[in-house]
Amino acid sequence: MAFFEGNKMTGGYGNGPDIIHSCSVTVDRGEIVSILGPNGAGKSTAMKAMLGLLNLKSGTVTIDGKDISNLSPQDRVKQGISFVPQTKNVFAGMTVEENLEMGAFLFDKDLKKLIDDIFDLFPILKEKRNQLVGELSGGQRQQVALGRALMIKPSVLMLDEPTAGVSPIVMDELFDHIIKVKKTNVAILMVEQNAKQALNISDRGYVLVTGENRYSGTGKELLNDSRVRSSFLGG
Amino acid sequence: MDFINAIILLLNYIFIPALTYGSQLALGAIFVTLIYGILRFANFATGDMMSFGTMAAILFTWYFQSLGVSLGVLPTALIAIPFAIIFMIFYMLLIDKFVFKYYRNQKSPPVQLAMVSIGVMFVTQAVVRIIIGPSDRRFFDGEKFIIKAGEFKEITGLNEGLAIKSTQILTILVTLILVSTLFWFLNKTKTGKSMKAYSDNEDLALLSGIDPKKIVMITWIIAGILATIGGTLYGLDKSFKPFTYFNNMLPIFAAAIVGGIGNPFGAFLGGYVIAFSEIFLTYAYKKFFMYVLPESMEPDGLVQLLSTDYKFAVSFSILVIVLLYRPSGIFKGKVL
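Protein sequences appear in the order of chains A and B. Per the numbering used here, residue 46 is the first one in the first sequence, and the count goes up by one each step. Per the numbering used here, residue 459 is the first one in the second sequence, and the count goes up by one each step.
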């Protein structure tokens with residue numbers, strides 16, 4: 046049994062039609078798992094289901110063997126699950142340091158130490174600690190978003206398209222940061238459009254099509270699978 | 459000597475009154491901006507909520523006066539304010555629970571909430587008129603002047619007197635204390651920062667575990683404090699009349715928008731921008747020119763740019779000019 050599991054999840058937004066059908070995703074600590082697939086495959090939806098942003102009609106979500114299917118997103122944060130949305134993932138009108146503080150809002154731990162840990166991971170943020178996040182570059186902003194999510198010392202980190210809209214150089218840099226986070230024994234689950242690059246750093250991957258698991262395997266296997274290559278990786 | 463007289467004249471008729479009026483507007487404008495930034499709608503009931511708070515302060519003042527309680531040289535209303543604030547907050551939370559909460563949970567668009575606030579405005583207006591009546595009331599007691607014009611003339615030997623009313627100093631002092639406490643709260647405390655965060659990015663605030671119910675309640679509490687103190691200071695300085703408070707909403711909104719709506723520091727300065735421009739443009743400068751110009755060049759008319767009847771037009775002209783040249787307000791907007 047994996048550390049963080051979504052089992053046979055079925056559901057959609059509000060009263061709308063089901064978007065994911067019996068979809069299963071598992072992640073272990075110290076592992077990067079990517080969810081890939083064509084547009085509209087329900088990649089983000091599967092991730093949001095695991096975060097508690099939509100009601101499941103059937104299926105379960107467990108962390109460390111504990112069933113959390115009925116917890117609200119806020120309560121899941123308390124269980125150590127952190128999420129970085131694709132857009133609007135920082136408090137643009139607040140300083141870098143305030144963003145980090147807000148990340149640890151639920152916890153009355155020693156903020157200074159937590160913030161210093163983030164600064165060790167992302168040195169650039171230390172320099173810019175008193176700058177408004179809205180004034181930072183795209184790559185630096187993503188680092189703030191990652192840093193904010195890491196403030197609760199999560200056991201699971203979920204990233205919704207972390208590299209959307211950044212240049213290739215910044216993308217490589219961000220992936221390096223994600224690998225650094227993985228090494229701190231965090232389970233990382235991400236949805237990615239840049240499938241090749243994502244699979245390169247992933248331990249495992251899932252390919253979803255119309256809300257169902259189609260292919261899964263290690264990053265290498267998927268990269269070398271001719272069916273996956275022809276349909277999603279452009280040959 | 460004439461030059462000093464001219465300066466005293468401006469101090470007496472423009473500078474001090476504008477500073478006082480500006481402080482009163484500033485408190486109202488911060489109220490508007492807070493509600494806009496956090497609850498995300500333009501609250502048209504602002505003026506009448508201030509009038510409700512003032513009404514409560516007057517009722518408590520009368521009660522204390524009937525008990526024979528007084529603060530000596532200071533107005534009795536100062537003791538009444540804390541009680542009035544509690545009353546006001548209670549009223550606001552009640553309105554929120556029965557009116558605004560429904561639309562908030564429905565995720566209604568801001569325009570709809572603004573319309574709802576107009577309904578709240580009418581109801582509040584009616585409640586105030588039923589309880590205390592529509593007439594003009596003065597509830598100031600204690601020492602009226604800190605310096606009287608006559609005394610000032612005697613001491614300095616100038617022609618022009620400088621009168622400083624105790625309510626003017628009181629207004630400015632209380633505003634400074636209140637506003638600095640508020641900014642300290644918003645920028646330094648964890649709760650204040652979480653309010654900023656909620657205003658900045660609601661979804662992410664929820665993901666960070668910030669409780670929206672608590673934020674909404676604290677917002678109404680702060681709003682209640684601002685409305686009651688702002689309204690009572692205005693009533694002490696001038697007089698209390700429900701209709702005037704309703705009218706004051708116009709310059710208050712102008713101040714909030716000029717400062718960049720959603721930005722409390724902008725709203726604070728916006729209050730003074732509006733107050734100074736209103737008074738600068740509607741003051742009759744005849745006497746001033748009599749002091750500074752030689753006798754042969756004395757003006758014939760009042761040298762008044764606009765009649766005081768047009769003072770609201772001034773607020774709106776500033777509003778239009780600011781929105782044309784700096785559409786997001788003088789300061790960067792949307793940052794609580």
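Cβ coordinates follow ideal geometry from the N, Cα and C atoms, glycine included. From a predicted model like this one, the values you see are computed outputs, not experimental measurements.
Applying a beta-carbon distance threshold of less than 7 Å, which residues of chain B neighbour residue i?
i        : result
Leu191/A : Chain B residues near Leu191/A: none, gap ~13 Å exceeds 7 Å.
Lys133/A : Asn659, Asp661 and Leu662
Going along chain A, which residues have a C-beta under 8 Å from residue i?
i        : result
Asp658/B : Phe136, Ala137, Gly138 and Met139
At 8 Å on the CB atoms, spell out the chain B contacts of residue i, in chain order.
i        : result
Gly210/A : Per Cβ cutoff of 8 Å: no residues; Gly210/A is ~17 Å from chain B at best.
Pro118/A : Leu664 and Leu665
Val122/A : Leu665, Ser666 and Gly667
Mind checking who residue i pairs with in its DSSP beta bridge?
i        : result
Glu50/A  : Thr71/A and Thr107/A
Ile65/A  : Gly56/A
Lys762/B : Checking the displayed sequence, the identity of residue 762/B turns out to be Gln instead of Lys. For Gln762/B, which the question treats as bridged, DSSP gives the partners Ala742/B.
Gly262/A : Gly250/A
Met203/A : Phe128/A and Leu234/A
Asp506/B : The partner list for Asp506/B (beta bridge, DSSP) is empty, contrary to what the question assumes.
Asp112/A : Thr107/A
Ser652/B : DSSP, once it has assigned bridges, lists no residue as partnering Ser652/B.
Glu257/A : Val254/A
Leu727/B : Beta-bridge pairing links Leu727/B to no other residue.
Lys78/A  : Before going on, a small fix: residue 78/A reads as Val here, not Lys. Its beta-bridge partners are Leu234/A and Arg249/A.
Leu96/A  : In the DSSP output, where bridge partners are listed per residue, Leu96/A has none listed.
Leu101/A : Gly56/A
Name the chain B residues that come within less than 9 Å of residue i, Cβ to Cβ?
i        : result
Pro130/A : Asp661, Leu662 and Leu665
Contacting positions in the stretch 666-679 of chain B - beta carbon closer than 7 Å to chain A: Ser666, Gly667 and Ile668
The stretch 565-582 of chain B in contact with the stretch 679-689 of chain B per 3-pair CB rule at 8 Å: no
Selection of the stretch 136-170 of chain A by Cβ proximity to chain B, strictly under 7 Å: Phe136, Ala137, Gly138, Met139, Glu143, Glu146, Met147, Gly148, Phe150 and Leu151
Cβ contact check for the stretch 184-194 of chain A and the stretch 202-214 of chain A: 3 or more pairs under 8 Å: yes
Segment contact flag, the stretch 742-754 of chain B with the stretch 486-504 of chain B, C-beta cutoff 8 Å, min 3 pairs: no
Sufficient close CB pairs (3 or more, under 8 Å) joining the stretch 113-129 of chain A to the stretch 64-83 of chain A: no
Contact set between the stretch 82-100 of chain A and chain B, restricted to residues whose Cβ is under 7 Å from the partner: none
Short-range partners of chain A found in the stretch 622-655 of chain B, where Cβ spacing is below 7 Å: Lys651, Ser652, Lys654 and Ala655
The stretch 460-477 of chain B / the stretch 648-667 of chain B touching (three or more Cβ pairs under 8 Å): no
The stretch 515-524 of chain B touching the stretch 729-744 of chain B, judged by at least three CB pairs closer than 8 Å: no
Three or more C-beta pairs below 8 Å linking the stretch 723-735 of chain B and the stretch 696-714 of chain B: yes
Beta strand (DSSP E) runs contained entirely in the stretch 563-625 of chain B, provided each spans 3 or more residues: 603-605
Contact the stretch 156-169 of chain A vs the stretch 139-146 of chain A: 3+ CB pairs below 8 Å: yes
The stretch 65-80 of chain A in contact with the stretch 234-253 of chain A per 3-pair CB rule at 8 Å: yes
At least 3 beta-carbon pairs within less than 8 Å: the stretch 475-493 of chain B vs the stretch 625-635 of chain B: yes
Three CB pairs or more closer than 8 Å across the stretch 149-157 of chain A and the stretch 178-187 of chain A: no
Sufficient close CB pairs (3 or more, under 8 Å) joining the stretch 600-620 of chain B to the stretch 683-703 of chain B: no
Sufficient close CB pairs (3 or more, under 8 Å) joining the stretch 234-244 of chain A to the stretch 262-277 of chain A: yes
The stretch 54-68 of chain A in contact with the stretch 84-103 of chain A per 3-pair CB rule at 8 Å: yes
Three CB pairs or more closer than 8 Å across the stretch 730-742 of chain B and the stretch 521-539 of chain B: no
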